[in-house]
Structures are given as C-alpha cells and as structure tokens.
Amino acid sequence: MDNAMALMSSNIMTLPCEVLVDILSRLSLKHVHQLQTVSKLWFKIISSPHFRKLYNMKSMTRPRARIVQVPDTKFSPSWEMISRTIIISAMDFNTDNSEIHEEFSFEDIIAPQHSFIISSNLIIFNHKVCNPTTKEIIDIPISSHPSISFDATYIPSNNTYKIVHLYGTKPGHDYTFNYGGSPLEFRFETLTLRDGGPIPSSWKALTHQEWFSSKIESTCVNGVVHWLLERGPRMERRIISMDIESEDFLSSIGCPNNPYVEEAPIIENVQLADFNGRLCLAYYSEELFRLDLYFVKDRTNQEWVKEHTINLSGMGSWFKIIGYVQIQGNNGDVVIDGKQLILYNIEENRFRSLPRPKMKIHIGLYFDRCFKLESTKLSMQPSVDFLSN
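Heads up, the sequence shown is in UniProt numbering, so the first residue is 1 and it goes up one at a time.
In structure tokens form, the structure reads like this:
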C-alpha cells in the first residue's frame, strides 16, 4: 500500500503545470490551503497572483450562502445592548440536501454606532472587517462622520476589495429615520483592501456629494454600487451609481412607480438586487403576496420594464432577494429570504425550501476567494499524506 501511495504521489508531481493549476482551481479553498504544504512547487503555484485570480474567477460558478446568526445578546442593567455572539455558517446550493455548516464564532462588543453588514464576502461591523474564508477579524480606520451605510465590492482585475462608506455631514443628526424630511448632504469615502494587506490607515474622501433625505437600499452589480435614495416630503426616489474601480459616478436615474400603493408610505417593501449581473428593483405586495421585478431597459431615457412576477404566498410581510445563482442541472434560481428561505426557478415556476435558523440572521451570497486581509507566513512542511485522506 505504501508503494502504491508513493507511486501515485510521484505521478501527480510530474503533471504539467497547466494541468495541475486547472485541477487545483476546481477544489474547495479549504483543500487548496491544505495542499500548499505538499511541496515548494505547489506552494509557489498556489501563492502566485495568476493562480489566485484564476481560482477567484472560477469560484464565481460555485456560489454558497453565508449565514450569520446572532443567538445571544447581552444587555446592561439599563437594557442597553453591550455584546452579542456571532456564529458564521455556510450552506451549499449544489446538493439536494442543503445543510447549514457552522464554521466559527466570536463575541462582538457593541459600539455606540453599531452596524452589521454582509457585502461581497466580507462582514463589516463596528469599525471591523471579517473575512470568513480565513477567519480574520481586523480593525479598519474609524470614520469621523455619521455613518449611513458601508458597501464592499470585489474587483477581480487586481484581486482587491473596496469598501464605500456613505455618510452624512451633520454630526448628531439622525440620517437613518429622516423619511420625508428635508434633503441633507451625503458624501462618500473609500477604503481599498489588498490581498495580504496592509490595511490603509485612513479613508479616501471623494469630492462627489448628493442631497437626499434618506437611503433605502444598496447593492453592487458588476463592479458598480447602486444606492436607492429618497428626497423631500414627496419622497422622490432616485438611484445613484458609482463605478467602484474608477470611483466615477454615473448619471442618476428615477424609479418606476410602485403599482401597489397610491401614495408613498413611510415604510415600504422595496429593494435593489443583483439579478444575474443586472440591476433589479423589486416591489412586494403583502396583500397579494406578489413580487414584481423591474429592470433598466434604457438608462439614458430612464426606462424600466417589468419582466417577472413571483407569487410568494406564505412568505409573510417581509422579504429579501439574496441573489441569483446558477446551480448545476438547471437554468438558474433566485434566492429569496423571508418567513422561509427558498430557491425559486422563474422559468419553471418551481420553489425549493432551504433550511433557515429561527434566530436573528443575516444572509448573503458567498464565493470562495484566495484573499487574505493581512500577510501571514506559512510554515513549509512537504508531505504526501493527503493522498491517504
């Protein structure tokens, strides 16, 4: 048996480099990390920028769900939240028996302006960023401005992440609940995270500004961040967009009217989503259990078209489109979270239920990526024992 294993190892080591790279790029990131210690050659291949970019590109066809659970929260005697337990889990879509697998957990100390966002594989909270793939949790610079939202976007051309901070310019003003209020000044700043670090010591301020009352939703589609904002007592809605790599802003566009309301309500079930690389605006009618999906037909003329209507009977009063995934063997499904977590195939009008924890959770799409927030040295211990596992 030992001779057979040694022969197999010898055969693998003699594979052409391009064949070996192709094989490694198809494995889970967990196994890729383990295989770095097989030999100096494999370590060199896996550590190379070429392999990391190739792996990250191929991983886009292998989406998973990133599930963040908050099972336990601690309060002070005056009932102020002081800490919470965070559990990070993942779930594959490519199996009939989708199960939630817990990966790690940590305790989060609540800051005065606490936030919690899952965006493009990263988790941003309390001036920290977590990379669940590597289980890294590091501090990012504290902004001196009132935070409204953070959005992270992955840039495949140079294997970096860029975080965009949307903030207000009036300290002490409540930007979160300024629905229908007077327009306020909104500004932007960015933070670029490079593979292996280091983390920048400060945010980069952008000169662009917007005047709106409140932010409703945001999403990123093909390297462009979109924010759905409202302005003034008439609650006029517009979408502003920024190309994440160039940091250039596109012309803003108006939104289609909600067919389910005569007047704009204070709270409405509307959202933006990335729908297979297209910007989608979704309206939901709680009374009709119906979800309408609109897409931009002509940005110059600000023309939208309704392409799909989904019946969500039994989903409750709240929903969120997590994203669009193409699973082996079908033409693509929409991941929708609400009272239930489901995969919905539009062409076949077919639902598939997924497990969903009952506790407070945050869900986002997740892709394996070769990316580290900070540089770490790996001890080289060549071995062929992996062949027997």
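For each residue, glycine too, the CB sits at the ideal point set by N, CA and C.
DSSP-derived helix/strand/coil call for C17: Reduced to three states, the DSSP call for C17 is helix.
Span of the alpha helix (DSSP H), counted from its first residue to its last, around P81: In the sequence under discussion, the amino acid at residue 81 is Met, which differs from the Pro named in the question. Looking at the DSSP string, M81 is not in any alpha helix (DSSP H); the run it does join, the beta strand (DSSP E), is M81 to D92.
Complete alpha helix (DSSP H) runs within the segment 179–228 (minimum length 4 residues, chain order): Counting only runs of 4+ residues, no alpha helix (DSSP H) is found wholly inside the segment 179–228.
Contact check, F188 vs L206, beta carbons under 7 Å: Yes; because the gap between Cβ atoms is below 7 Å, this pair is in contact.
Which listed residue (T37, I46, Q34 and H31) has its alpha carbon closest to that of E18: Of the candidates T37, I46, Q34 and H31, the one whose C-alpha sits nearest the C-alpha of E18 is I46.
Spatial neighbours of E56 in its chain, beta-carbon cut-off 7 Å, leaving aside the 5 residues before and after: Note on residue identity: the sequence assigns Asn, not Glu, to residue 56. Excluding sequence neighbours, N56 sits near P156, N159, R369 and C370.
Beta strand (DSSP E) runs wholly inside the segment 307–377, at least 3 long, in chain order: Counting only runs of 3 or more, we get 320–325, 333–337, 341–345, 350–354 and 361–366.
Cβ pair I361, I67 closer than 7 Å: Contact: yes.
Selection from K74, M91, L193 and P71 that minimises the alpha carbon distance to K128: K128 has its Cα closest to that of L193, out of K74, M91, L193 and P71.
Entirely enclosed beta strand (DSSP E) segments - the segment 31–71, minimum 3 residues: Listed in chain order, nothing qualifies, since the segment 31–71 has no complete beta strand (DSSP E) run of 3 or more residues.
Start and end residues, beta strand (DSSP E) containing F249: Segment F249 to G254, the beta strand (DSSP E) holding F249.
Simplified DSSP assignment, three categories, for L29: Here L29 carries a helix assignment [DSSP, helix/strand/coil].
Start and end residues, beta strand (DSSP E) containing G160: Strictly speaking, residue 160 in this sequence is Thr, with Gly absent from that position. Segment T160 to G168, the beta strand (DSSP E) holding T160.
Sequence-distant residues of the same chain with beta carbon closer than 6 Å to E303, five excluded per side: K297.
Per-residue burial, V225 [other beta carbons within 10 Å of its own, 16 or more giving buried]: Within a 10 Å sphere around the beta-carbon of V225 sit 16 or more other beta-carbons, which makes this residue buried.
Burial state of H31 (16 or more Cβ within 10 Å): Of the other Cβ atoms in all chains shown, fewer than 16 fall within 10 Å of the Cβ of H31; this residue is therefore exposed.
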